[in-house]
Amino acid sequence: MHTDPFGHSLGTLLTGYVDGELPAALSRAVSGHLRECDSCGAEVASLIRLKSALRAVRSPPPSATAQARLVERLRAARLGR
Ligand SMILES: [Zn+2]
């Protein structure tokens, strides 16, 4: 019997996984599921294709200052609990 902890409704989870935005534990859980689930694996493959297509047309990355500010904000959000 196929057990699927995510119920194939990964949607934004898969997007976050492809973007590398998931917490490590969640990312591991998703990649474990992808090994056993063809339909979610196919969805990730198409997301990766879409992402590289988007990257080709996207404007240059944000400046180092903007990136540093974002990192600071993420760190503060994580610590400020
Ligand atoms: Zn699945």
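Take the sequence shown: its letters are residues 18 to 98, numbered as in our numbering.
Just so you know, even glycine gets a beta-carbon here, dropped at the ideal spot from N, CA and C.
If you're wondering where the values come from, they're calculated on a predicted model, not measured in any experiment.
Judged by beta-carbon spacing, V61 lies within the 8 angstroms limit of Y34, meaning their Cβ atoms are closer than that value. A Cβ-Cβ contact shorter than 8 angstroms links L31 with C57. Residue environment: V47 is assigned as buried (16 or more neighbouring CB atoms within 10 Å of its CB, all protein chains considered). Counting other Cβ atoms within 10 Å of its Cβ, L67 stays below 16 and is therefore classed as exposed. The C-alpha of R45 lies about 11 angstroms from the C-alpha of R52.
Counting along the chain, the unbroken alpha helix (DSSP H) around L31 starts and ends at T29 to D36.
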